[in-house]
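*Asks:*
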Amino acid sequence: MQADLFIDNAFGPATDGRRFPTIDPATEETICDVARGSAVDIDRAVRAADLAMRGPWREVTPQERGRLLGVLADRIAADRNEIARLETLDVGKPLKDSLGDVDGVVATLRYNAGAADKLQGETVPLGTKVIDFTLLEPLGVTAHIVPWNFPLGMAMRSMAPALAAGCTCVLKPAEQSPLSALRMAEHVAAAGFPPGVINIVPGFGEDAGAALVAHPLVRGITFTGSVETGRKILAGAAAGIRPTVLELGGKNPMIVFPDADIGRAVDDATMASFENAGQVCSSSSRYLLHPRIRDEFLDRLRVKAAKLSIGPGIDNHDLGPIVSREQYDKVTGYILGGQADGGRLRCGGRRPPHLQKGYFIEPTIIDRVAAEAVVAREEIFGPVGIALDITDENAAIELANSLSYGLCAGVYTSDISRALMVAGRLEVGSVWINGWWLGGVQAPTGGIKHSGIGRERGMMGVRNYVQVKNIAVRL
Ligand code: NAI
Ligand code: MG
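Numbering of the sequence shown is given in my numbering, commencing with residue 1061 and proceeding in unit increments.
(1) With a CB to CB cut of under 8 Å and the five nearest residues on each side skipped, what residues in its chain are close to VAL1190?
(2) Note down the Cα distance separating ASN1069 from HIS1247, rounded to an integer number of angstroms.
(3) Count the other CB atoms within 10 Å of the CB of HIS1414; is the residue buried (16 or more) or exposed (fewer)?
(4) Could you check what DSSP says for ALA1431 in three-state terms: helix, strand or coil?
(5) Less than 7 Å between the CB of LEU1223 and some heavy atom of the ligand NAI, yes or no?
(6) How would you call ARG1048, buried or exposed, if buried means at least 16 neighbouring beta carbons within 10 angstroms?
(7) Could you round the C-beta distance between PRO1211 and ASP1150 to whole angstroms and report it? I think they count as a contact, below 8 Å.
(8) Does DSSP put PHE1420 in a helix, a strand or coil?
(9) Start and end of the alpha helix (DSSP H) containing ALA1009?
(10) Under 8 Å by Cβ, that's how I've got VAL1488 and ALA1479 pegged, so tell me the actual separation to the nearest angstrom.
(11) Pick out the complete beta strand (DSSP E) segments inside the region 1427–1500, 3 residues or longer, and give them in chain order.
(12) I want to check one thing, is the minimum distance from the CB of GLU1439 to the heavy atoms of the ligand NAI below 7 Å?
(13) Note the first and the last residue of the continuous beta strand (DSSP E) segment covering ARG1279.
(14) Which one of GLY1418, ARG1411 and SER1464 has the shortest CA to CA distance from VAL1434?
(15) If the criterion is Cβ atoms closer than 8 Å, does the pair ALA1220 and LEU1129 meet it?
(16) DSSP on HIS1204, reduced to helix/strand/coil?
(17) Judging by CA-CA distance, which residue of GLN1527, VAL1522 and VAL1528 is the nearest neighbour of THR1168?
(18) Just the Cα atoms here: how many angstroms apart are PRO1233 and ASN1209?
(19) Bridge partners for LEU1128 per DSSP, in chain order?
(20) What residue ranges within the region 1173–1200 form continuous beta strand (DSSP E) runs of no fewer than 3 residues, ordered along the chain?
(21) From PRO1255 to GLY1373, what distance separates their C-alpha atoms?
(22) Which same chain residues, not among the five before or five after ASN1530, have their C-beta less than 7 Å away from its C-beta?
(23) Is it right to say ILE1421 is buried, meaning 16 or more other beta carbons lie within 10 angstroms of its own, or is it exposed?
(24) Evaluate GLU1516 with the Cβ neighbour count: other Cβ atoms within 10 Å of its Cβ, from every protein chain shown; 16 or more gives buried, anything less gives exposed.
(25) Just to confirm the assignment, what range does the alpha helix (DSSP H) spanning GLU1356 have?
(26) When we look at the beta-carbon of ASP1378 and count the other beta-carbons within 10 Å, is it buried (16 or more) or exposed?
(27) Can you tell me whether DSSP reads LYS1311 as helix, strand or coil?
(28) Does the separation of the CB atoms of SER1342 and ASN1312 fall below 8 Å?
(29) Which residue or residues does DSSP assign as beta-bridge partners of VAL1316?
(30) Comparing the CB of GLU1266 with every heavy atom of the ligand NAI, is any distance shorter than 7 Å?
(31) Counting only the same chain and skipping the five closest in sequence on each side, list residues whose C-beta sits under 6 Å from that of LEU1486.
(32) Output the distance between the C-alpha atoms of ILE1091 and ARG1411, rounded to the nearest integer angstrom.
This is the structure in structure tokens:
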């Protein structure tokens, strides 16, 4: 594979020739050196995207855009094994999860392929003397800045709808995980996309990322990542009055009432707290438990967590390593801090003794910690679940809503009225009842409060990339 910039359907080095290593977090060794894009390369990529927007891409019909997205989906599906292998090497996740992620990318492309010719405006009644109608026009060049936890998945979550809507794209992958997007790029020209429609500039946030946000030819920005960086991006977007979609993570409560199916809640927590080693914006990171079922829930969860295998993702364990040294230090810092604040370690909390290399952390559960403790309030982004007590619906809602985050939540109860009442009062973008990660490419996702602005996926996701033009004709 070519670890270079991809601009105008061609691979090439950075203008200043700089490169950076991408690391396999299971071995701590360099996989390869990747071209490091700077502001100059971002400018080249954005200009290429702008030229494509004014030229060949503009002339491509919606149906043809959909067909191209479908061909790209087919090519990615055929290259599934290699893309998944690169994803696993780059970010550490189990190979089975990477394969599932590629399937998700294909599903995203197919959904948006189908959406491309279904975007339509409306006619507006203004009486007999005027005909008024709306056109949905593509925004133009769009910037996509994505994190490392689902590298190609996040990239396609926003690029596929942008392309469906007729926009062109410049993607800046995360510095930890550029490889899968660059592998995908090898299929772009062969799929038939004109030069400049899809451009990829690997690099770092503070130079390439910031330059992309600030570029005057960029007409829309989509970002997934931390609140801190989200704030900077929104500030950068403000200068150019650019529409911005932000997905900034969460501290998502799983609320378990005494009448819940505890087995199901435990199964879901095992998946939703420890899959991808907990590095998921929508993981279940706070268990809000009624004391009547608290011990049963935590005992059963501990038993299930202990059974998860941990090791290099390429060997298909249940948990791979944390993505980087930096994130590993951050997660272990939270675990130590939680204990210093009086929390009790129910399991995990350390590097597995049999793995002395790589950024591995055992599945971890902390209970008996105050709701005010840092570990109970901040996003840890590791395989760590925090247990807190609730007494009734009101206490659960108050605790759930007490943070600045508002991405998603789960409610477990056999009383559907209670479930819907609680769901209605939770300050989040998604609520799952008696399940976790229900939904798919058709269902909108996103957060409120500091968890973000806007929704991705579904037809709402495509609408992010159009603007409405109103045309009125005097008769
Ligand atoms: P980050 O938000 O700094 O990085 C995400 C992306 O933003 C990367 O592509 C990065 O290069 C880019 N970026 C960074 N600074 C930028 C800037 N000034 N201008 C433009 N782009 C910029 O996240 P990081 O440092 O990798 O992880 C820190 C924390 O963020 C994690 O511990 C986790 O809590 C959270 N996070 C949330 C994610 C989510 O899915 N919502 C995904 C990844 C991280
Ligand atoms: Mg890496």
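All C-beta atoms in this analysis are idealised placements derived from N, C-alpha and C, irrespective of residue type, glycine included.
The model shown is predicted, which means the values in this text are computed figures rather than measured ones.
*Replies:* To lay it out plainly:
(1) ALA1532, VAL1533, ARG1534 and LEU1535
(2) 10 Å
(3) exposed
(4) coil
(5) no
(6) Here the chain covers residues 1061 to 1535 and nothing more, so residue 1048 does not appear.
(7) 7 Å
(8) coil
(9) This structure gives no information on residue 1009, because the portion of the chain shown stretches from 1061 to 1535.
(10) Contact flag wrong, Cβ pair sits at about 14 Å.
(11) 1444–1449, 1468–1472 and 1490–1493
(12) yes
(13) 1278–1284
(14) SER1464
(15) yes
(16) strand
(17) VAL1522
(18) 11 Å
(19) Its beta-bridge partners do not exist; DSSP assigns none.
(20) 1183–1185 and 1190–1198
(21) 35 Å
(22) ASP1192 and THR1194
(23) buried
(24) buried
(25) 1351–1367
(26) buried
(27) coil
(28) yes
(29) LEU1349 and TYR1472
(30) yes
(31) ALA1460 and ALA1469
(32) 23 Å
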